[in-house]
Structures are given as C-alpha cells and as structure tokens.
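Asker:
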Amino acid sequence: MSRIEIKSPLPGTFYRRPAPDKPDFKKEGEDVEPSDTIGLVEVMKTFIEVHAGVTGRGIVFLVDDAEAVMAGQVIAEVGE
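Quick note, this note's numbering runs 786 ahead of the 1-based positions in the sequence shown.
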C-alpha cells in the first residue's frame, strides 16, 4: 500500500487538538476525508487549520503535538 504525504502549509507550531482540554482532531490510525481537519499550525498567535486534503486510511503523524514545523514539512501520512 502506498502512502500519501500531508504537508504543513506554513512554518509554525503544529497542534493536534483545538485546545489543551479537547481531544485530538484525528487519532492515529483513523481514516480521513479531504475536508477533515487534522491539526492547527500557529503562527504569531494566529491558528490555521490543516486539512487532510486527500481521502486516505490509517493516518500516521510524523510530528508530535506542539512541535515546530517548516513549510512543506511532512506532518502525516495516510494509505490510499
């Protein structure tokens, strides 16, 4: 099974949940649809939603919650 990469649209800090007391947008292993939010990238106190952009199975995150990311960095992968 080939994997599809989901990349960060911009540099910042990647968050897997909408707030510290809320559950993750997506848990490891869940399927995704293009419009699904998988996380947020925070840049200068502005939070940008990161959408899967693809239909895929079994999301695997390659960065940790609250980890700094660069624009174009692969943050997750899904199976086709």
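Glycine included, every Cβ here is placed at the ideal spot set by N, Cα and C.
So, under 8 angstroms CB-CB, L826 and E835 are touching, yes? Tell me the CB distance rounded to an integer number of Å.
Answerer: Counting from one through the sequence shown, the residue named residue 826 turns up at place 40. Counting from one through the sequence shown, the residue named residue 835 turns up at place 49. L826 to E835, Cβ: 6 angstroms. Contact.
Asker: Provide the residue(s) that pair with H828 in DSSP beta bridges, ordered along the chain.
Answerer: Position 42 of the sequence shown, counted from the start, is the residue given in the question as residue 828. Looking at the sequence itself, residue 828 is Glu, so the reference to His does not match. The partner list for E828 (beta bridge, DSSP) reads T799 and F833.
Asker: Classify T823 as helix, strand or coil using the three-state DSSP reduction.
Answerer: The residue given as residue 823 occupies position 37 in the sequence shown. In this structure, T823 counts as strand in the three-state DSSP scheme.
Asker: Do S794 and I861 have their C-beta atoms within less than 9 angstroms of each other?
Answerer: Against the sequence shown, residue 794 aligns to sequence position 8. Against the sequence shown, residue 861 aligns to sequence position 75. For S794 and I861, yes; Cβs fall inside 9 angstroms.
Asker: Helix, strand or coil for G858? Go by DSSP, reduced to three states.
Answerer: As a first step, residue 858 must be located in the sequence shown, where it is residue number 72. Here G858 sits in coil by DSSP.
Asker: Cα-Cα, which of P797, I790, E866 and K808 is closest to M830?
Answerer: Here residue 830 is taken as the residue at index 44 of the sequence shown, counted from 1. Taking only the C-alpha atoms, the option nearest M830 is P797.
Asker: Starting from E816, trace the beta strand (DSSP E) both ways and give me its first and last residue.
Answerer: As a first step, residue 816 is located in the sequence shown; it is residue number 30 there, counting from the start. Looking at the DSSP string, E816 is not in any beta strand (DSSP E), and its letter there is neither H nor E.
Asker: If the criterion is Cβ atoms closer than 9 angstroms, does the pair V868 and D810 meet it?
Answerer: No information on residue 868 is available, as it lies outside the stretch 787 to 866 that the chain covers here.
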